[in-house]
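Heads up, the sequence shown is in my numbering, so the first residue is 153 and it goes up one at a time. Glycine residues also receive a C-beta, built at the ideal position from the N, C-alpha and C atoms.
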Amino acid sequence: MSQFDVFGVGNALVDMQSQVDDSVLSDLKIDKGIMTLVDDEQQSAVLGHLDGRPLNRCAGGSAANTIVAVAELGGKAGFVGKIGSDAIGEFFLQDMRDLGVAMEVTPCDAPTGTCAVLITQDAQRTMLTNLGASAQLSVDDIIEEPIKNSKYVYIEGYLLTGESTKAAAYRAMALAKQHGVKVAFTASDPFLVNMIRDEIWELITGPVDLFFCNELEAQSLTGQSDPIQCAAKIHEHCENVALTLGEKGSLVMHGGEAFPIEGVPTKAIDTTGAGDMYAGGLLYGITNGMSWRTAGHLGSHASSRVVAQLGARLERKFTREEVAALSKLG
(Lines of atoms letter the chains of each structure in order from A and count residues from 1; the text may use other names and numbers.)
(Lines give C-alpha, C1' and ligand atoms only; values in the text may rest on other atoms or scores of the structure.)
Protein backbone atom coordinates (compact mmCIF):
# COMPACT_ATOMS: atom_id res chain seq x y z
CA MET A 1 0.00 0.00 0.00
CA SER A 2 1.36 3.43 -0.98
CA GLN A 3 1.54 6.07 1.70
CA PHE A 4 0.43 8.73 -0.78
CA ASP A 5 -1.65 8.76 -3.95
CA VAL A 6 0.15 11.95 -4.95
CA PHE A 7 3.15 13.71 -3.39
CA GLY A 8 3.66 17.29 -4.52
CA VAL A 9 6.82 19.39 -4.80
CA GLY A 10 6.36 23.11 -5.27
CA ASN A 11 6.44 26.67 -4.02
CA ALA A 12 4.90 27.15 -0.59
CA LEU A 13 3.02 30.45 -0.80
CA VAL A 14 0.20 32.07 1.12
CA ASP A 15 -2.39 33.42 -1.34
CA MET A 16 -4.05 36.72 -0.52
CA GLN A 17 -7.02 37.18 -2.84
CA SER A 18 -8.99 40.35 -3.37
CA GLN A 19 -11.56 41.55 -5.89
CA VAL A 20 -10.49 44.77 -7.59
CA ASP A 21 -11.42 47.07 -10.46
CA ASP A 22 -9.26 47.28 -13.56
CA SER A 23 -8.24 50.74 -12.37
CA VAL A 24 -6.24 49.17 -9.53
CA LEU A 25 -4.14 47.26 -12.05
CA SER A 26 -3.61 50.48 -13.99
CA ASP A 27 -2.60 52.37 -10.84
CA LEU A 28 -0.09 49.67 -9.94
CA LYS A 29 1.13 49.40 -13.57
CA ILE A 30 0.50 45.64 -13.58
CA ASP A 31 -0.06 43.50 -16.67
CA LYS A 32 -3.47 41.86 -16.42
CA GLY A 33 -4.11 38.12 -16.36
CA ILE A 34 -0.56 36.83 -15.83
CA MET A 35 1.78 35.95 -12.99
CA THR A 36 4.58 38.41 -12.26
CA LEU A 37 7.46 37.85 -9.86
CA VAL A 38 7.99 40.79 -7.49
CA ASP A 39 10.49 41.62 -4.76
CA ASP A 40 9.74 42.36 -1.10
CA GLU A 41 9.33 46.10 -1.69
CA GLN A 42 7.00 45.68 -4.67
CA GLN A 43 4.85 43.13 -2.84
CA SER A 44 4.61 45.40 0.19
CA ALA A 45 3.35 48.21 -2.06
CA VAL A 46 0.72 45.94 -3.65
CA LEU A 47 -0.55 44.63 -0.31
CA GLY A 48 -0.58 48.19 1.04
CA HIS A 49 -2.82 49.17 -1.87
CA LEU A 50 -5.27 46.48 -0.74
CA ASP A 51 -5.54 47.79 2.83
CA GLY A 52 -9.17 47.99 3.88
CA ARG A 53 -10.38 45.59 1.18
CA PRO A 54 -11.74 42.15 2.08
CA LEU A 55 -8.94 39.58 1.71
CA ASN A 56 -9.24 35.82 1.46
CA ARG A 57 -6.12 34.06 2.75
CA CYS A 58 -5.14 30.42 2.20
CA ALA A 59 -2.13 28.19 1.71
CA GLY A 60 -1.33 28.28 -1.99
CA GLY A 61 1.12 27.75 -4.79
CA SER A 62 0.38 25.76 -7.94
CA ALA A 63 1.38 22.28 -6.76
CA ALA A 64 0.03 22.93 -3.26
CA ASN A 65 -3.40 23.75 -4.73
CA THR A 66 -3.40 20.51 -6.72
CA ILE A 67 -2.33 18.46 -3.71
CA VAL A 68 -5.11 20.02 -1.62
CA ALA A 69 -7.60 19.11 -4.36
CA VAL A 70 -6.47 15.47 -4.17
CA ALA A 71 -6.95 15.53 -0.39
CA GLU A 72 -10.34 17.26 -0.58
CA LEU A 73 -11.57 14.53 -2.93
CA GLY A 74 -10.55 11.91 -0.39
CA GLY A 75 -7.09 10.99 -1.64
CA LYS A 76 -3.88 10.49 0.32
CA ALA A 77 -1.70 13.51 -0.33
CA GLY A 78 1.65 14.89 0.80
CA PHE A 79 3.65 18.00 -0.03
CA VAL A 80 7.11 19.46 0.39
CA GLY A 81 7.83 23.17 0.13
CA LYS A 82 9.90 25.79 1.94
CA ILE A 83 8.39 28.21 4.46
CA GLY A 84 9.87 30.77 6.82
CA SER A 85 9.96 30.69 10.61
CA ASP A 86 7.19 33.29 10.83
CA ALA A 87 3.46 33.62 11.43
CA ILE A 88 2.64 33.33 7.71
CA GLY A 89 4.67 30.12 7.52
CA GLU A 90 2.83 28.71 10.53
CA PHE A 91 -0.45 29.61 8.82
CA PHE A 92 0.61 27.75 5.67
CA LEU A 93 1.63 24.65 7.61
CA GLN A 94 -1.53 24.52 9.71
CA ASP A 95 -3.83 25.25 6.77
CA MET A 96 -2.36 22.40 4.73
CA ARG A 97 -2.56 19.97 7.62
CA ASP A 98 -6.13 21.00 8.42
CA LEU A 99 -6.98 20.16 4.80
CA GLY A 100 -5.58 16.65 5.23
CA VAL A 101 -2.18 17.09 3.57
CA ALA A 102 0.91 15.54 5.16
CA MET A 103 3.69 18.14 5.19
CA GLU A 104 7.43 17.63 4.82
CA VAL A 105 8.96 20.99 5.77
CA THR A 106 12.02 22.50 7.43
CA PRO A 107 11.49 26.27 8.05
CA CYS A 108 14.26 28.73 7.20
CA ASP A 109 15.08 32.31 8.17
CA ALA A 110 13.63 33.96 5.04
CA PRO A 111 10.05 35.30 5.11
CA THR A 112 7.36 32.93 3.84
CA GLY A 113 6.41 33.56 0.21
CA THR A 114 3.15 35.29 -0.69
CA CYS A 115 1.01 35.66 -3.79
CA ALA A 116 -1.34 38.62 -4.16
CA VAL A 117 -4.20 37.47 -6.39
CA LEU A 118 -6.13 40.40 -7.87
CA ILE A 119 -9.48 39.30 -9.30
CA THR A 120 -11.28 41.61 -11.73
CA GLN A 121 -14.99 41.57 -12.66
CA ASP A 122 -14.32 39.48 -15.79
CA ALA A 123 -13.04 36.66 -13.49
CA GLN A 124 -9.46 37.16 -14.67
CA ARG A 125 -6.82 36.73 -11.98
CA THR A 126 -3.60 38.70 -11.96
CA MET A 127 -0.94 37.32 -9.65
CA LEU A 128 1.97 39.10 -8.00
CA THR A 129 4.29 36.51 -6.48
CA ASN A 130 7.03 37.11 -3.95
CA LEU A 131 8.76 33.74 -3.61
CA GLY A 132 10.41 34.50 -0.27
CA ALA A 133 11.46 31.32 1.53
CA SER A 134 10.06 29.06 -1.21
CA ALA A 135 13.01 30.05 -3.42
CA GLN A 136 15.29 28.28 -0.92
CA LEU A 137 13.80 24.83 -1.52
CA SER A 138 16.80 22.58 -2.21
CA VAL A 139 17.84 18.98 -2.76
CA ASP A 140 18.29 18.68 1.02
CA ASP A 141 14.52 19.10 1.43
CA ILE A 142 13.70 16.20 -0.93
CA ILE A 143 13.33 13.11 1.25
CA GLU A 144 13.39 9.71 -0.40
CA GLU A 145 10.86 7.86 1.78
CA PRO A 146 7.64 9.76 0.94
CA ILE A 147 8.50 9.78 -2.77
CA LYS A 148 9.30 6.08 -2.72
CA ASN A 149 5.90 5.41 -1.14
CA SER A 150 3.78 7.39 -3.59
CA LYS A 151 1.88 6.46 -6.73
CA TYR A 152 2.63 9.80 -8.40
CA VAL A 153 5.01 12.68 -7.76
CA TYR A 154 3.64 16.00 -8.99
CA ILE A 155 6.08 18.79 -9.93
CA GLU A 156 5.19 22.38 -10.78
CA GLY A 157 7.04 24.03 -13.64
CA TYR A 158 7.63 27.23 -11.68
CA LEU A 159 10.40 25.39 -9.79
CA LEU A 160 12.52 25.44 -12.93
CA THR A 161 13.01 29.21 -12.67
CA GLY A 162 15.50 29.00 -9.77
CA GLU A 163 18.80 27.11 -9.53
CA SER A 164 18.12 25.61 -6.09
CA THR A 165 14.45 24.83 -6.72
CA LYS A 166 15.24 23.30 -10.11
CA ALA A 167 17.77 20.98 -8.47
CA ALA A 168 15.10 19.96 -5.95
CA ALA A 169 12.61 19.23 -8.74
CA TYR A 170 15.12 17.10 -10.65
CA ARG A 171 16.06 15.24 -7.46
CA ALA A 172 12.40 14.42 -6.82
CA MET A 173 11.97 13.14 -10.38
CA ALA A 174 15.13 11.06 -10.17
CA LEU A 175 14.00 9.42 -6.92
CA ALA A 176 10.59 8.72 -8.43
CA LYS A 177 12.12 6.99 -11.45
CA GLN A 178 14.47 5.04 -9.18
CA HIS A 179 11.51 3.59 -7.28
CA GLY A 180 9.10 3.09 -10.17
CA VAL A 181 6.90 6.04 -9.18
CA LYS A 182 5.09 7.96 -11.93
CA VAL A 183 6.00 11.61 -12.53
CA ALA A 184 3.41 14.27 -13.36
CA PHE A 185 4.59 17.73 -14.44
CA THR A 186 2.65 20.93 -15.14
CA ALA A 187 3.85 23.62 -17.54
CA SER A 188 2.55 26.23 -15.05
CA ASP A 189 2.54 29.31 -17.31
CA PRO A 190 2.97 30.26 -20.99
CA PHE A 191 5.85 32.60 -20.11
CA LEU A 192 7.72 29.65 -18.63
CA VAL A 193 7.26 27.57 -21.78
CA ASN A 194 8.54 30.45 -23.90
CA MET A 195 11.57 30.81 -21.63
CA ILE A 196 12.67 27.17 -21.34
CA ARG A 197 10.90 25.35 -24.18
CA ASP A 198 13.82 23.01 -24.93
CA GLU A 199 14.17 21.97 -21.29
CA ILE A 200 10.46 21.18 -21.02
CA TRP A 201 10.72 19.04 -24.16
CA GLU A 202 13.61 17.15 -22.55
CA LEU A 203 11.44 16.44 -19.52
CA ILE A 204 8.49 15.34 -21.67
CA THR A 205 10.69 12.95 -23.63
CA GLY A 206 12.43 11.84 -20.43
CA PRO A 207 11.10 11.32 -16.89
CA VAL A 208 7.61 12.83 -17.23
CA ASP A 209 4.77 10.27 -17.47
CA LEU A 210 1.88 12.76 -17.37
CA PHE A 211 2.10 16.29 -18.73
CA PHE A 212 -0.45 18.99 -17.83
CA CYS A 213 -0.77 22.16 -19.91
CA ASN A 214 -3.34 24.64 -21.14
CA GLU A 215 -4.00 25.64 -24.74
CA LEU A 216 -1.57 28.57 -24.84
CA GLU A 217 1.21 26.51 -23.27
CA ALA A 218 0.64 23.67 -25.71
CA GLN A 219 0.68 26.04 -28.70
CA SER A 220 3.90 27.67 -27.52
CA LEU A 221 5.51 24.30 -26.89
CA THR A 222 4.59 22.65 -30.20
CA GLY A 223 4.23 25.53 -32.65
CA GLN A 224 0.82 24.12 -33.63
CA SER A 225 -2.45 26.06 -33.39
CA ASP A 226 -5.02 23.26 -33.26
CA PRO A 227 -5.36 21.78 -29.73
CA ILE A 228 -5.78 18.22 -31.02
CA GLN A 229 -2.61 18.52 -33.08
CA CYS A 230 -0.81 20.02 -30.07
CA ALA A 231 -1.86 17.18 -27.80
CA ALA A 232 -1.01 14.55 -30.42
CA LYS A 233 2.47 15.97 -30.95
CA ILE A 234 3.17 15.97 -27.19
CA HIS A 235 1.70 12.46 -26.87
CA GLU A 236 4.24 11.18 -29.40
CA HIS A 237 6.85 11.72 -26.68
CA CYS A 238 4.88 11.49 -23.43
CA GLU A 239 2.77 8.57 -22.21
CA ASN A 240 -0.10 10.74 -20.96
CA VAL A 241 -1.24 14.29 -21.73
CA ALA A 242 -3.96 16.46 -20.20
CA LEU A 243 -4.59 19.67 -22.16
CA THR A 244 -7.14 22.07 -20.68
CA LEU A 245 -9.28 24.29 -22.92
CA GLY A 246 -11.03 26.59 -20.45
CA GLU A 247 -14.82 26.55 -20.76
CA LYS A 248 -14.50 24.22 -23.78
CA GLY A 249 -13.30 21.40 -21.50
CA SER A 250 -10.10 19.42 -21.97
CA LEU A 251 -8.38 16.76 -24.01
CA VAL A 252 -6.85 13.71 -22.35
CA MET A 253 -4.51 11.42 -24.25
CA HIS A 254 -3.57 7.96 -23.01
CA GLY A 255 -2.40 4.81 -24.76
CA GLY A 256 -2.60 6.40 -28.19
CA GLU A 257 -6.26 7.35 -27.64
CA ALA A 258 -7.74 10.84 -27.35
CA PHE A 259 -10.55 11.45 -24.87
CA PRO A 260 -12.35 14.77 -25.43
CA ILE A 261 -13.81 15.95 -22.10
CA GLU A 262 -16.62 18.46 -22.41
CA GLY A 263 -16.64 21.57 -20.24
CA VAL A 264 -19.17 21.94 -17.44
CA PRO A 265 -21.31 25.10 -17.87
CA THR A 266 -20.89 27.56 -15.00
CA LYS A 267 -20.74 31.28 -14.31
CA ALA A 268 -17.08 32.06 -13.68
CA ILE A 269 -16.32 34.43 -10.82
CA ASP A 270 -12.64 33.71 -10.23
CA THR A 271 -10.37 31.55 -12.39
CA THR A 272 -7.73 31.21 -9.66
CA GLY A 273 -6.67 27.60 -9.30
CA ALA A 274 -8.83 26.29 -12.16
CA GLY A 275 -5.97 24.37 -13.77
CA ASP A 276 -4.64 23.26 -10.39
CA MET A 277 -8.05 21.90 -9.42
CA TYR A 278 -8.40 20.10 -12.76
CA ALA A 279 -5.02 18.44 -12.22
CA GLY A 280 -6.04 17.42 -8.70
CA GLY A 281 -9.27 15.86 -9.93
CA LEU A 282 -7.57 13.91 -12.69
CA LEU A 283 -4.73 12.74 -10.44
CA TYR A 284 -7.18 11.63 -7.75
CA GLY A 285 -9.12 9.70 -10.37
CA ILE A 286 -6.23 7.80 -11.95
CA THR A 287 -4.73 6.92 -8.55
CA ASN A 288 -8.07 5.67 -7.24
CA GLY A 289 -9.17 3.23 -9.92
CA MET A 290 -10.91 5.51 -12.44
CA SER A 291 -10.34 5.30 -16.17
CA TRP A 292 -8.54 8.21 -17.82
CA ARG A 293 -11.78 9.41 -19.41
CA THR A 294 -13.61 9.30 -16.07
CA ALA A 295 -10.74 11.05 -14.28
CA GLY A 296 -10.92 13.78 -16.93
CA HIS A 297 -14.62 14.25 -16.21
CA LEU A 298 -13.89 14.56 -12.49
CA GLY A 299 -11.19 17.15 -13.20
CA SER A 300 -13.57 19.11 -15.43
CA HIS A 301 -16.35 19.12 -12.83
CA ALA A 302 -13.95 20.09 -10.04
CA SER A 303 -12.51 22.91 -12.14
CA SER A 304 -15.96 24.30 -13.01
CA ARG A 305 -16.95 24.25 -9.36
CA VAL A 306 -13.89 26.18 -8.21
CA VAL A 307 -14.22 28.98 -10.81
CA ALA A 308 -17.80 29.62 -9.69
CA GLN A 309 -16.56 30.87 -6.31
CA LEU A 310 -13.78 33.02 -4.89
CA GLY A 311 -10.50 31.31 -4.03
CA ALA A 312 -8.79 28.04 -4.93
CA ARG A 313 -10.43 25.90 -2.21
CA LEU A 314 -13.76 24.19 -2.79
CA GLU A 315 -16.44 25.79 -0.65
CA ARG A 316 -18.78 22.93 -1.54
CA LYS A 317 -16.91 19.64 -1.34
CA PHE A 318 -17.73 16.65 -3.53
CA THR A 319 -19.70 13.98 -1.71
CA ARG A 320 -18.92 10.30 -2.16
CA GLU A 321 -22.19 9.98 -4.03
CA GLU A 322 -21.21 12.74 -6.48
CA VAL A 323 -17.82 11.14 -7.14
CA ALA A 324 -19.51 7.78 -7.65
CA ALA A 325 -21.97 9.34 -10.12
CA LEU A 326 -19.12 10.91 -12.07
CA SER A 327 -17.38 7.55 -12.25
CA LYS A 328 -20.25 6.31 -14.41
CA LEU A 329 -19.59 8.97 -17.05
CA GLY A 330 -16.51 7.16 -18.31
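In terms of alpha-carbon separation, which member of His331, Val393, Thr272 lies closest to Ala339?
The candidate whose alpha carbon is nearest that of Ala339 is Val393.
Could you tell me the distance, in whole angstroms, from the CA atom of Val232 to the CA atom of Ser377?
Computed Cα separation, rounded: 36 angstroms.
Could you name the residues of the same chain whose beta carbon sits closer than 7 angstroms to that of Ile235, not counting the 5 residues immediately before and after it, in chain order?
Closer than 7 angstroms at Cβ, skipping near neighbours: Ala164, Gly241, Phe244, Leu245, Val257, Pro259, Thr264, Ala285.
Taking DSSP as the reference, what is the three-state secondary structure of Thr446?
Note: Thr446 maps to helix in three-state DSSP.
If you compare alpha carbons, which of Leu478, Val360, Leu289 is closest to Glu388?
Closest by alpha carbon: Val360.
CA-CA distance, Met276 and Thr423?
Note that residue 276 is Gln in the sequence shown, not Met. So the alpha carbons of these two residues sit roughly 6 angstroms apart.
Taking the alpha helix (DSSP H) that Asn217 belongs to, which residues open and close that run?
Counting along the chain, the alpha helix (DSSP H) containing Asn217 begins and ends at 214-224.
Helix, strand or coil for Glu256, going by three-state DSSP, please let me know.
In the structure shown, Glu256 sits in a strand (DSSP, three-state: E or B).
Which residues does DSSP list as the beta-bridge partners of Tyr304?
Tyr304 is bridged to Val158, Lys334.
Going by DSSP, what residues sit across from Cys210 in a beta bridge?
Asp167.
Checking 8 angstroms against the spacing of the C-beta atoms, do Gln195 and Ala262 come in under that value?
Not in contact: Gln195 and Ala262 (Cβ atoms no closer than 8 angstroms).
CA-CA distance, Gly448 and Tyr430?
The alpha-carbon atoms of Gly448 and Tyr430 are separated by roughly 8 angstroms.
Taking Ala460 and Ala420 to be in contact with their CB atoms under 8 angstroms, please state how far apart those CB atoms are, rounded to whole angstroms.
Their Cβ separation, rounded to whole angstroms, is 7 angstroms, which keeps Ala460 and Ala420 in contact under 8 angstroms.
Beta carbon of Val161, beta carbon of Ala320: below 8 angstroms?
Going by C-beta atoms, Val161 is nearer than 8 angstroms to Ala320.
How about Ile356 and Arg323: are their beta carbons less than 8 angstroms apart?
Contact: no.
How far does the beta strand (DSSP E) with Ile271 in it extend, from its first residue to its last?
Looking at the DSSP string, the run of the beta strand (DSSP E) that includes Ile271 is 265-271.
Along the chain, where does the beta strand (DSSP E) that runs through Arg277 open and close?
Per DSSP, Arg277 belongs to the beta strand (DSSP E) from 277-282.
Quick check: Ala221 and Ala476, are their CB atoms within less than 8 angstroms of each other?
No.
Between the Cα of Tyr436 and those of Lys303, Ser170, Thr396, Glu467, spot the shortest distance and give me the residue it belongs to.
Nearest option by C-alpha distance: Lys303.
Classify Phe244 as helix, strand or coil using the three-state DSSP reduction.
In this structure, Phe244 counts as helix in the three-state DSSP scheme.
With DSSP as the reference, label Gly441 as helix, strand or coil.
The answer is coil: DSSP assigns Gly441 none of H, G, I, E or B.
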